[in-house]
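Novice: Pasting a structure here, questions to come.
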Amino acid sequence: MSAKTKLSMAGDPSNMGEAAPLFAKLPNESIHNIFSLLDPVDLVSLARVCRLFCSHIKGNRALFHSVYKRLLDTPPKDVEIDYEAEVRRLARLQVICSRPSVDDNKHELEFVSKAVDRLLELACSNGHTVDNSQTYALAPSTHATSYNVQLLARLFSDPSTRSAFMQRSSLFQLLRCGTDRVLAPPGPPQKEHQLSAKLHCLLGRPLFFTNNECRRPCCHSYSVAAPLMYAIRADTRLAHPAPFLDDGSGGVDWEKVEAVIIVLGTTMWESRVAELFPEIWNSPFSGSFAQSFVPPPEPDMMLSASDPYNVTGTWYRVLNTVGLAEEGDLNLTSTQAVRDYLQNTIVLQQLLRLHVMRIDITSFEKPGPMDGQNLPVVHFKGVSWPLEGDDYMPCSVRLTRHGDVRWLIDHVRQGDFHLGCDGVQLGGVRSARGVVGHWFAFDPHGPWDQGPMAFWKMTDSNVATDEMHDAFVTQFGEKYQAVLESA
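In UniProt numbering, the protein residues as written are 1 to 487.
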């Protein structure tokens, strides 16, 4: 029997036996209630069984709306949504993520990237926060829970799925080359590499290995990420290091952000400081959407209605630093020497700096011609603990032309520029995931001194800095103090 004949028979309700007449007699409301309980993959497939099913499914906005509401977040009221298109996109994503073979999925990267972006774009708080009560977390959760995020976490829970889509950047290509790889700055960014790196960054939880069977240091993504990141110093004498493309377009360079997350994540896990911040370093997609930050109750706080980025408050910040002697080692021509140096666990623990920042808004200004025009540029300043003399931080946050949120922080010590930070906020405006990027210090006699950094918000309160230091020491004891003393 030909495929055409089979299709013709399937499209005839008479071929459904006795079920078709019974189904046809059901009230539309009953059919709607039955179909609305189906999984998107089953619903889309069912429409191809016969004309009768197709007539009840195709173009049925109310049905697809019900399926969408049952599985995903209620979207903002001001967003127009084609619910049938969204459910069909989700069904295709579910099918792709269920394939066991990495090779079967490689050609789907662009679709998967767009589908994930769309789910995070439409993600909203469902009224709860992530439960961190079983961890070392020192403060109430600030990450809103989301059905979209929970679904994405399930879809990408399999290592083969993560490998197919989140380990396709140039960094992981070098890692797969093994001992023959050349640790050198990557060439011009390629679309496939950028899409994969962005998915990895939105996942939030750093991926350290490409093969579950290999746990040797040479198989760790840090062995490639650190040299690639620090090699940027040789090419950035005219502009400070930042997680943006070098072509002047203002677009985010997701491979740079990916390298920062891997380097910081490695240091955080090696020193066990990551256990303090499980939502940031161990919760897939948590906080990677706009408006996902949920401040702890602050009865005495009056938030400014004109604070579009929600910058006022207390923030955590981590930086990796490398001593001058070690930085020289990064320029060694011997690939093996660089790899051996960077795989030293003791060195990793000595490179971490952990700070608590207190910042307040100082002024607003209209966006410039190179900025996104939907929100103002917000200027703010603050201090970080531990305090050193008359340190303070003049800062700004703005939208880029591409809609990303860019943060710039300068550290001034005794009236002179000391340190700067430039980063992008993962997830968008007011996301709980935080900001990832580079710190830098200008040396007129040589290349930039720079490294990876990240910061994320703890609370809207601007008086919690000293309290959080005491909590760190009490809850994490000598390990926290050792991290600070080694910086």
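Don't be surprised by glycine CBs; every beta carbon is placed ideally from N, CA and C.
Given the structure is predicted, the values throughout are model-derived calculations rather than measurements.
Is T267 helix, strand or coil by DSSP?
Specialist: Helix, per DSSP.
Novice: If you pair each beta-carbon of the region 96-114 with each one of the region 72-84, do three or more pairs fall below 8 Å?
Specialist: Result no; under three Cβ-Cβ pairs closer than 8 Å.
Novice: On the CB-based measure, 16 or more other CB atoms within 10 Å of its CB, does N105 come out buried or exposed?
Specialist: Answer is buried; the Cβ neighbour count reaches 16.
Novice: Closer than 8 Å is the cut-off here; do at least three beta carbon pairs connect the region 254-265 with the region 115-125?
Specialist: No, the region 254-265 is not in contact with the region 115-125.
Novice: How many Å lie between S384 and S125 at the Cα?
Specialist: Approximately 30 Å, taken between the alpha carbons.
Novice: Assuming D307 is part of the alpha helix (DSSP H), what are its boundary residues?
Specialist: Taken as a continuous stretch (DSSP letters only), D307 belongs to no alpha helix (DSSP H), as it is neither H nor E.
Novice: So is Q373 buried or exposed if we call it buried at 16+ other beta carbons inside 10 Å?
Specialist: Burial call: exposed.
Novice: Please return the same chain residues whose Cβ sits closer than 7 Å to the Cβ of I261, not counting the five positions on each side in sequence.
Specialist: Only C201, P206 and V436 meet the Cβ criterion.
Novice: For the region 277-287 against the region 393-401, are there 3 or more C-beta pairs whose distance is under 8 Å?
Specialist: No: the two stretches stay apart, fewer than three of their Cβ pairs being nearer than 8 Å.
Novice: Report the three-state DSSP secondary structure of H200 (helix, strand or coil).
Specialist: In the structure shown, H200 sits in a helix (DSSP, three-state: H, G or I).
Novice: Taking the alpha-carbon of G265 as reference, which of L72, V318 and G250 has the nearest alpha-carbon?
Specialist: Of the candidates L72, V318 and G250, the one whose C-alpha sits nearest the C-alpha of G265 is V318.
Novice: By the DSSP assignment, the alpha helix (DSSP H) with I96 in it spans what residues?
Specialist: Taken as a continuous stretch (DSSP letters only), the alpha helix (DSSP H) holding I96 covers Y83 to C97.
Novice: At 3 residues or longer, what runs of the beta strand (DSSP E) sit wholly inside the region 355-390?
Specialist: Segments of the beta strand (DSSP E) lying fully in the region 355-390: 377-385.
Novice: Could you pull out every residue in the same chain whose Cβ sits closer than 8 Å to the Cβ of D371, ignoring the five residues on either side in sequence?
Specialist: The answer, listed in chain order, is V377, R398, L399, T400 and R401.
Novice: Beta strand (DSSP E) containing V436: first to last residue?
Specialist: V435 to A441 is the span of the beta strand (DSSP E), which, as asked, contains V436.
Novice: Mind checking which residues open and close the beta strand (DSSP E) that includes D42?
Specialist: Element bounds for D42: not the beta strand (DSSP E) but the alpha helix (DSSP H), P40 to L46.
Novice: Roughly how many whole angstroms lie between the Cα atoms of T129 and A290?
Specialist: In a straight line, the C-alpha of T129 is about 15 Å away from that of A290.
Novice: In whole angstroms, what separates the C-alpha of S169 from that of W407?
Specialist: The alpha-carbon atoms of S169 and W407 are separated by roughly 25 Å.
Novice: Report the three-state DSSP secondary structure of F293 (helix, strand or coil).
Specialist: Strand.
Novice: Mapping DSSP to helix, strand and coil, what is S431?
Specialist: If DSSP states are grouped into helix, strand and coil, S431 belongs with coil.
Novice: Would you call K114 buried or exposed, if buried means 16 or more other Cβ atoms sit within 10 Å of its Cβ?
Specialist: That one is exposed.
Novice: Near H379, what residues of its chain come up, given a Cβ to Cβ distance below 6 Å and the 5 sequence neighbours on each side ignored?
Specialist: Cβ neighbours of H379 beyond the five flanking positions: T362, S363 and S396.
Novice: Around the C-beta of S157, are 16 or more other C-beta atoms found within 10 angstroms, so that it is buried, or is it exposed?
Specialist: Burial call: exposed.
Novice: Report the three-state DSSP secondary structure of A115 (helix, strand or coil).
Specialist: Of the three classes helix, strand and coil, the one that applies to A115 here is helix, per DSSP.
Novice: Hey, quick one: how far does the beta strand (DSSP E) through L319 stretch, first residue to last?
Specialist: Where L319 is concerned, the enclosing beta strand (DSSP E) stretches over G313 to N320.
Novice: Based on the DSSP output, what are the partners of L408 in its beta bridges?
Specialist: Beta-bridge pairing links L408 to S396 and D422.
Novice: Does K366 pass the burial test, meaning 16 or more other C-beta atoms within 10 Å, or should it be called exposed?
Specialist: The residue is exposed, with fewer than 16 neighbouring Cβ atoms inside 10 Å.
Novice: Taking the alpha helix (DSSP H) that T161 belongs to, which residues open and close that run?
Specialist: Start and end: P159 to M166.
Novice: Over what stretch of residues does the alpha helix (DSSP H) that includes P278 continue unbroken?
Specialist: Residues P278 to W281.
Novice: When burial is assigned at 16 or more other CB atoms within 10 Å of the CB, is D422 buried or exposed?
Specialist: Answer is buried; the Cβ neighbour count reaches 16.
Novice: Out of curiosity, what's the CA-to-CA distance linking Q47 and D246?
Specialist: Note that residue 47 corresponds to Ala in the displayed sequence, not to Gln. Their Cα atoms are separated by approximately 48 Å.
Novice: Taking the alpha-carbon of L354 as reference, which of W456, S283, F293 and I409 has the nearest alpha-carbon?
Specialist: The shortest Cα separation from L354 among W456, S283, F293 and I409 belongs to W456.
Novice: Taking Cβ positions, are G427 and S292 nearer each other than 8 Å?
Specialist: Cβ atoms of G427 and S292: closer than 8 Å.
Novice: Run through the DSSP bridge pairs and tell me what D449 is partnered with.
Specialist: According to DSSP, D449 bridges with A441.
Novice: In the DSSP output, which residue or residues are listed as bridge partners for R353?
Specialist: Looking at the DSSP assignment, R353 forms a beta bridge with L319.
Novice: Take P284 and list the residues in its own chain whose beta-carbon comes closer than 6 Å to its own, dropping the five residues that flank it on each side.
Specialist: These residues qualify, in order along the chain: A153, L203 and R205.
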